[in-house]
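First residue of the sequence shown? That's 169 in this note's numbering, and the numbers climb one at a time after it. Think of the CB as a built atom: it goes at the ideal place given N, C-alpha and C, for glycine as much as any other residue.
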Amino acid sequence: MITPHGVVQTPAFMPVGTRGAVKAVAHRDLEDLGAEIILGNTYHLYLKPGDSLIARCGGLHKFISWNRPILTDSGGYQVFSLAAMRRIDDEGATFRSHIDGSLHLLTPERAVDIQAQLGSDIAMVLDECVATVPTGDQELAAVRTAMERSARWAQRARGRQLQLREEPHSAPEVIVTNIGQAQFGIIQGGIDLQLRTESVQRTIEIGFESYAIGGLSVGEPVDVMYDVVAHTAPLLPDDRPRYLMGTGMPDDLIECVARGIDLFDCVLPTRNARNGQLLTSHGPMAIKNARYAEDMSPPDPDCSCYTCRHFSRAYLRHLFVVGEMTAATLNSLHNIHFYLDTMRRIREAIVFGSFEKLRREFHQTFSRRPQI
Ligand SMILES: [Zn+2]
C-alpha cells in the first residue's frame with residue numbers, strides 16, 4: 169500500500185495511537201519494532217488539542233513527529249461508545265464531549281474536514297455503527313436503517329473530499345495538510361449477508377480509494393464474524409487493501425487474512441499490556457500470576473523483542489504489581505512486537521506458499537484458549 173508517507177507492506181497491523189501517541193511507547197521504539205503505519209483517533213484529537221491547532225502546527229505528522237503513514241478513523245465509533253450524550257439523525261451525530269460536556273455536531277462533511285486538517289494518509293468516512301447483534305426483525309430493521317444512512321453519509325463524505333481536492337479555494341476555512349490523503353469507504357450491514365452485499369454495492373458505486381469492513385467485533389460470536397468477513401471481503405476490489413476495523417485477537421489476524429483482509433487495527437496488544445497480559449508464541453500470559461514471582465526466564469523464550477532479551481518474568485511481575493509505569497512500556501513493547509512479528513510471518517508464509525501450515529500452527533496455540 170503506497171501512501172504519501174511511504175509504503176506499507178500488507179497484510180499489516182496498525183498500532184493504535186489514540187491521542188497522537190501509542191500509549192506508553194515512544195515513536196523511536198515503534199520505528200525499531202518495524203511499525204509502518206499507526207492509527208489516530210479523530211474523536212480524541214478533535215476534542216484535544218483540536219484539529220485546527222494541529223493544522224496550524226503543520227498537520228498531525230509534524231505535530232507528533234511521526235514521518236510514517238497514519239490512518240485516522242472518522243470519530244464516529246468513539247461518539248457512539250464514549251460521548252456523554254448522542255443523538256443521530258440524517259444530518260449527523262450530535263454529542264456531548266466526555267471531557268467537558270460541550271455540545272458538538274459531527275456530520276459526514278465535518279469528519280472529512282477534521283481529517284483533512286489532521287492530514288492523515290488515509291481518512292475514513294463517518295458511518296453509523298450499530299453495536300448490537302440483531303436477534304429479531306426490529307433489530308434487523310435498525311441495522312438496515314444504519315446501513316442505508318451510512319451509504320448516504322458516504323456519498324456526502326466523498327463529495328466533500330473531492331471538493332477539498334479539486335476546489336480547495338471553495339473551502340478556505342479548512343487547512344488541508346496532506347494533499348495526497350486517500351479516503352476509504354466503510355461497509356456496514358451487521359451480520360446480515362444480504363445487507364453486507366447491498367452495502368458493498370452502494371459504497372463501491374460511490375467510489376473510494378479503498379474500502380473497510382466496519383461494524384464487526386461488537387459482540388457477535390467469532391464464527392459469525394469470520395463468516396461475514398468471508399462473505400464481504402471477496403466482494404471488494406482485489407487490487408486495493410481491505411481493512412477490517414477494530415478486530416484483532418491474535419487468531420483473528422491469521423483467520424481474517426485467510427479470508428482476504430489486508431489491514432487491521434486493535435487496541436488489544438497495548439491495552440492488554442497495561443493490564444498485565446502478555447501475548448506469547450505459547451499463548452496469553454498473565455504476568456501478575458504468583459507463579460512468576462521468582463521465575464528468571466524471559467516472558468517468551470522464542471521472542472526477540474527488547475523486553476524478552478533483557479528482562480525476566482519475575483522483574484516484569486514485580487513492576488506490574490507495584491504499578492511502575494515501566495511495566496506498561498515493557499509489556500507494550502513485547503505485545504506490539506508479537507503483533508508486528510505475526511504479520512511479518514504471515515507475509516513471509518504467503519510468499520513462500522506455507523500460509524496454511526502457519527495457520528494450523530497458530531490455531532493450535534491461539535484459538536481462544538484459556539490463559540496459561
Ligand atoms: Zn518479547
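- Here L526 is not near I359, since their CB atoms are 8 angstroms or more apart.
- Assignment of beta strand (DSSP E) within the segment 323 to 382, counting only whole runs of 3 or more residues, yields 350 to 355, 378 to 381 in chain order.
- In this structure, H502 has its CB closer than 7 angstroms to one or more heavy atoms of ligand 1.
- Our two residues, F488 and G327, have alpha carbons roughly 49 angstroms apart in a direct line.
- Between W321 and L294, the beta carbon gap of about 5 angstroms places them in contact (Cβ cut-off 8 angstroms).
- In this structure, T365 sits near L403, with a CB-CB distance shorter than 8 angstroms.
- A residue is called buried once 16 or more other Cβ atoms fall within 10 Å of its Cβ, and E199, having fewer, is exposed.
- S535 is positioned such that its CB atom lies no closer than 8 angstroms to that of D395.
- In the displayed model, Q246 falls within a helix according to three-state DSSP.
- Residue R408 holds the alpha-carbon nearest to the alpha-carbon of G375 among I343, N346, R408.
- For H266, there is no enclosing alpha helix (DSSP H), as DSSP gives it neither H nor E.
- DSSP, reduced to helix, strand and coil, places P276 within a helical segment of the structure shown.
- Close CB contacts of P437 within its chain, under the 6 angstroms cut and outside five residues either way in sequence, are with N503, I504, Y507 (chain order).
- Per DSSP, Q445 is one residue of the beta strand (DSSP E) stretching across 445 to 448.
- Pairing Y245 with F523, the inter-Cα distance amounts to about 33 angstroms.
- In terms of side-chain proximity, the C-beta atom of C476 is found nearer than 7 angstroms to a non-hydrogen atom of ligand 1.
- Counting along the chain, the unbroken beta strand (DSSP E) around L431 starts and ends at 431 to 433.
- T275 has its alpha-carbon roughly 41 angstroms from the corresponding atom of E516.
- Note on P340: under 16 other CB atoms within 10 angstroms of its CB, so exposed under the neighbour-count rule.
- In this structure, R264 is the residue among D258, R196, R264 with its C-alpha nearest to the C-alpha of A252.
- Rounded to whole angstroms, the gap between the alpha carbons of L207 and D241 is 8 angstroms.
- With a cutoff of 8 angstroms on beta-carbon distance, F181 and G383 are scored as not near each other.
- Closest option to L228, judged by alpha-carbon separation, among V176, L201, D257, A291: A291.
- Put simply, the segment 175 to 190 touches the segment 435 to 449. At least three CB pairs are less than 8 angstroms apart.
- Between V301 and G387, the C-beta gap is smaller than 8 angstroms, which places the two residues in contact.
- In this model, G260 and T178 are separated by some 33 angstroms (Cα to Cα).
- By the C-beta density criterion, A203 is buried, having at least 16 other C-beta atoms within 10 angstroms.
- For the pair G304 and A279, the CB atoms are not nearer than the 8 angstroms cut-off.
- Between L271 and T262, the gap from beta carbon to beta carbon is short of 8 angstroms.
- The beta carbon of A223 lies closer than 6 angstroms to those of Q285, I343, T345 in the same chain, with the five residues before and after it left out.
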